[in-house]
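Using numbering that gives the first Met the number 0, the first residue of the sequence shown is number 0, and each one after it goes up by one. Everything below concerns the one structure shown next.
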Amino acid sequence: MRAGLSFEPIDAGNVARYVPLYVAVFNAPPWNDGWTEAAAFERLGGFASEARFLGVGALFQGQPVGLALGHGERWTDRWLFQLREMCVATACQGQGVGRALMANFEAELRGAGYGTVYLQTGQDAPARAFYEAAGFVPYGHVPMHKHLVPA
Ligand SMILES: CC(C)(COP(=O)(O)OP(=O)(O)OC[C@H]1O[C@@H](n2cnc3c(N)ncnc32)[C@H](O)[C@@H]1OP(=O)(O)O)[C@@H](O)C(=O)NCCC(=O)NCCS
0 MRAGLSFEPI
10 DAGNVARYVP
20 LYVAVFNAPP
30 WNDGWTEAAA
40 FERLGGFASE
50 ARFLGVGALF
60 QGQPVGLALG
70 HGERWTDRWL
80 FQLREMCVAT
90 ACQGQGVGRA
100 LMANFEAELR
110 GAGYGTVYLQ
120 TGQDAPARAF
130 YEAAGFVPYG
140 HVPMHKHLVP
150 A
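If you want it as structure tokens, here you go:
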């Protein structure tokens with residue numbers, strides 16, 4: 000599968016193409032999010048319209064099979080990049096697509112001058128093992144939220 004992969008930049012002009020992939024992956028286990036295509040487009044399109052947005056899509060036989068995207072932010076001594084979304088089509092998972100996509104994305108980030116990439120994932124999510132295999136380590140912050148209207 001990896002041999003047939005290609006990569007392209009994701010931007011505000013083509014992000015809609017990645018919405019069905021995103022909806023299918025995150026509406027499936029373990030996330031079972033419940034996305035509509037409209038809400039997913041608002042999320043991904045919103046990210047893509049930000050000034051320091053950067054995204055890479057993975058294609059197999061011309062069809063989107065993976066995405067990695069997020070945005071940059073200034074820190075004291077460097078620019079950080081927050082990886083907001085990453086996924087691989089369910090049928091293509093476990094075949095090295097995510098690893099190849101992450102390698103491609105990290106090269107893009109280095110080229111753009113980013114010194115650190117960070118993300119948030121589920122404490123017990125299978126994705127955690129993927130990120131740890133890619134060299135990510137927990138850094139001690141606790142995610143917190145408060146609903147302002149009933150969830
Ligand atoms: C997480 C995800 C992006 C990984 O992509 P992938 O193509 O399935 O991963 P790869 O096949 O490239 O795996 C690379 C390495 O990561 C680790 N890994 C990947 N999935 C794993 C799993 N479910 N359990 C344990 N280790 C895993 C392994 O070390 C693997 O190397 P190996 O196959 O040589 O053992 C993909 O599975 C996915 O989209 N999951 C659903 C959406 C999601 O959870 N996204 C992240 C939300 S924060």
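Yeah, the Cβ is synthetic: ideal placement off N, Cα and C, and Gly gets one too.
Cβ neighbour criterion (16 or more within 10 Å) applied to residue i
i	result
Met-0	exposed
Gly-121	exposed
Ala-124	exposed
Val-136	exposed
Residues bridged to residue i [DSSP beta-bridge criterion]
i	result
Thr-115	Leu-79
Ser-5	Leu-58
Residue i - DSSP class collapsed to helix/strand/coil
i	result
Met-0	coil
Glu-105	helix
Val-18	helix
Ala-90	helix
Pro-125	helix
Phe-40	helix
Same chain only: Cβ atoms within 8 Å of residue i, ignoring 5 sequence neighbours per side
i	result
Leu-108	Leu-53, Phe-80 and Val-116
Arg-16	Gly-56 and Pro-63
Spatial neighbours of residue i in its chain, beta-carbon cut-off 6 Å, leaving aside the 5 residues before and after
i	result
Ala-133	Met-101
Glu-84	Leu-68
Straight-line gap, residue i to residue j (C-alpha atoms, nearest Å)
i	j	result
Ile-9	Tyr-138	28 Å
Pro-19	Arg-98	21 Å
Pro-142	Ala-2	38 Å
Ala-47	Leu-118	17 Å
Leu-43	Val-14	7 Å
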